[in-house]
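Protein chains in written order, with my numbering: chain C, 639 to 903; chain D, 17 to 425. Ideal placement from N, C-alpha and C gives every residue a C-beta, glycine not left out. Written below as structure tokens is the structure these notes are about.
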């Protein structure tokens, strides 16, 4: 597991990051460093943090629209930095539907057709399960320190804690749609916010952590909301019901056959 | 007849050969304009009719806002009933309900994002050519049949043939997962890469079940008798919409903005040609008048000496121009209309076009259009230009002094 290249990721993955990022043991190097920390190190620390850890959680995802709302209950398993399995538990109509992510590649399984389908790159910007998260938001665990330039914009205070505001700009060669992202990371690695700007510098969507609670023994972003700037009144909120960090999850849980057969996890 | 008109008439025919030549120039120019514009409009109308007949219809009724932001939830309730209602509107040749969705289409090995269209199999042939363009297999059989027809390029991309299984995975109207696996009943080819690569049609009933539509759809597609009658059609359909449902009528130019732009661009470029034609005709007319005024300087001098007002002379020259131009335009109009009428009956077609058209289930010949615009705009432009060009000789005639004029060679 530690044979992975070092320093690979950091792109916040709203749902999963929340779960995974916090999983880390306390005391990232950057967080405890005095003065102004090196943003790249900060980001790298956050990544190293959840690499090699695992989590098993149940979250509620509420998709809100002005005339309509619906809530899904999801079980999310993560292992290391690049394995994630999301399974829909409720509502009944969608139960069993799963999404598997391994190293940035995404597969979807629908029990209705009993078929595993690989999500093509062209669809990574489509909404994930009808929410305000795109497939990319869920999948891109792979976009990294090396592919972005990081800059510490400032340090804010939040209830006695420091919050590092880091601006990450993709390098020219990075295959990303965003022109700029701004991430707020609390000194205990809890992600407080993630803003996505387009190539023209306009804010397109933003994710906010609305509630931080100690869950599974660690401070956890227990409630997060993703909003698109252009569609006020539309948002998707993720609430963590329960989470266990460091759970022993076999790698075999992150395979296509496990995706197809829910009993395996 | 006023004396001035009689004088003008006689003057025109004093040099018959020159007059006929000028008339020929005017008539030819005007006739060419009438013919060309009529044919051009006809070809646009045909292009539009053919294109909208592939899939989009002359117009569609949708929920307001759907076109700009196509969301599943921006749906038309009870879309079948609405289609029935619109189908009874006079001038509507066919109306068919549809539902649109986005899905991931996959076969055993590959997947692509595509547009899924739920169609009423019996109604669809009235508004779309796709049912008639099925090259392999057959079209959809029933409203709730579990089957699909796909475009040829998509079939090739997915390595699918008739009988193969196509899996569709998308999001339903209520946000739930919409998934279905259906056998491919047929493969169509429209010639439009966009359609052949990105469309899957399934029966509307099946669509509504899979995507949790609860009887709703996204559009009623309407075909009228032709683009020519679109204005009336649009008004009538709008009047027939049930009140209070936030529905809008969208014509083909809104549905296919790219095509509208293409036509506008093409039309703009032909303006240069028409303008050049008008300029050439104008010079020929101007030449005639100027010559005739210069030739008749002595004569005008005599008239002035006899007490005729310079203004009357100018008016007479203008009148001559007017009569000559109108005569030419009449001839030209007849010529243009005659040629267009001939092509209207026999059809104007380019070699090779017929075969191609037959392949794609389309009419093969262009028929010129007859509208006030196609009939009038060319002659009107020639008329304006001719009158403008006659001004100079007329003004010249007005400025003549009797003595000098009489002395002129």
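From which residue to which residue does the beta strand (DSSP E) around residue 199 of chain D run? 193-204
Check the C-beta distance from residue 143 of chain D over to residue 265 of chain D and give it rounded, since I have them as a contact under 8 Å. Going by Cβ atoms, the distance from residue 143 of chain D to residue 265 of chain D rounds to 15 Å, so no, they are not a contact pair.
Taking the continuous alpha helix (DSSP H) assigned at residue 141 of chain D, which residues delimit it? 140-143
Neighbour list for residue 79 of chain D in chain C, Cβ cutoff strictly below 7 Å: What residue 79 of chain D touches in chain C: nothing, since even the nearest Cβ is about 12 Å away.
Could you give the C-beta distance for residue 122 of chain D and residue 180 of chain D, rounded to a whole number, given that I count them as a contact under 8 Å? Actually they are not in contact, since the Cβ atoms of residue 122 of chain D and residue 180 of chain D sit about 11 Å apart, beyond 8 Å.
Are three or more beta carbon pairs between the segment 768-778 of chain C and the segment 692-705 of chain C nearer than 8 Å? yes
Between which two residues does the beta strand (DSSP E) carrying residue 229 of chain D extend? Neither: residue 229 of chain D is in no beta strand (DSSP E) and is coded neither H nor E.
Counting only beta-carbon atoms, is residue 183 of chain D nearer than 7 Å to chain C? yes
Under 7 Å between C-beta atoms, does residue 197 of chain D make it to chain C? yes
Please identify the residue among D/330, D/240, D/300 whose C-alpha is closest to the C-alpha of residue 312 of chain D. D/330
When you compare each of D/289, D/366, D/317, D/395 to residue 353 of chain D by their alpha carbons, which one comes out closest? D/395
Considering only C-alpha positions, which residue in the set D/340, D/156, D/112, D/137 is nearest to residue 38 of chain D? D/340
Interface residues of the segment 108-125 of chain D facing chain C [CB-CB below 8 Å]: 118, 120, 122
Quick one: grab the DSSP three-state call for residue 808 of chain C. strand
What is the rounded straight-line gap between the Cα of residue 285 of chain D and the Cα of residue 275 of chain D? 15 Å
Quick check: is the beta carbon of residue 129 of chain D nearer than 7 Å to any beta carbon in chain C? yes
Whole-number beta carbon distance between residue 148 of chain D and residue 12 of chain D, since they are thought to touch under 8 Å: Chain D is shown only over 17 to 425; residue 12 of chain D falls outside these bounds and no answer can be derived.
Residues that residue 260 of chain D contacts on chain C, provided the C-beta gap is smaller than 8 Å: Simply none; closest approach about 16 Å.
Please go through the same chain and pick out, in chain order, the residues whose beta-carbon is closer than 8 Å to the beta-carbon of residue 29 of chain D, but skip the five residues on each side of it. 35
Provide the residue span of the alpha helix (DSSP H) that contains residue 276 of chain D, from first to last. 273-311
Sequence-distant residues of its chain with Cβ nearer than 8 Å to residue 20 of chain D (five each side left out): 328, 331, 332, 335
Examine the Cβ distances between the segment 177-196 of chain D and the segment 217-228 of chain D and report whether three or more of them are shorter than 8 Å. yes
Please state whether DSSP places residue 170 of chain D in a helix, a strand or coil. helix
State the DSSP-derived secondary structure class of residue 71 of chain D, mapped to helix, strand or coil. helix
Could you round the C-beta distance between residue 298 of chain D and residue 402 of chain D to whole angstroms and report it? I think they count as a contact, below 8 Å. 7 Å
Taking the alpha helix (DSSP H) that residue 20 of chain D falls in, what are its first and last residues? 19-28
At the 7 Å Cβ level, is residue 216 of chain D part of the contact set with chain C, yes or no? no
Could you compute how far the alpha carbon of residue 307 of chain D sits from the alpha carbon of residue 315 of chain D? 14 Å
Which class does residue 325 of chain D belong to by DSSP, given the choice of helix, strand or coil? coil
Does any C-beta atom of chain B lie closer than 7 Å to the C-beta of residue 732 of chain C? Chain labels in this structure do not include chain B; the protein chains are C and D.
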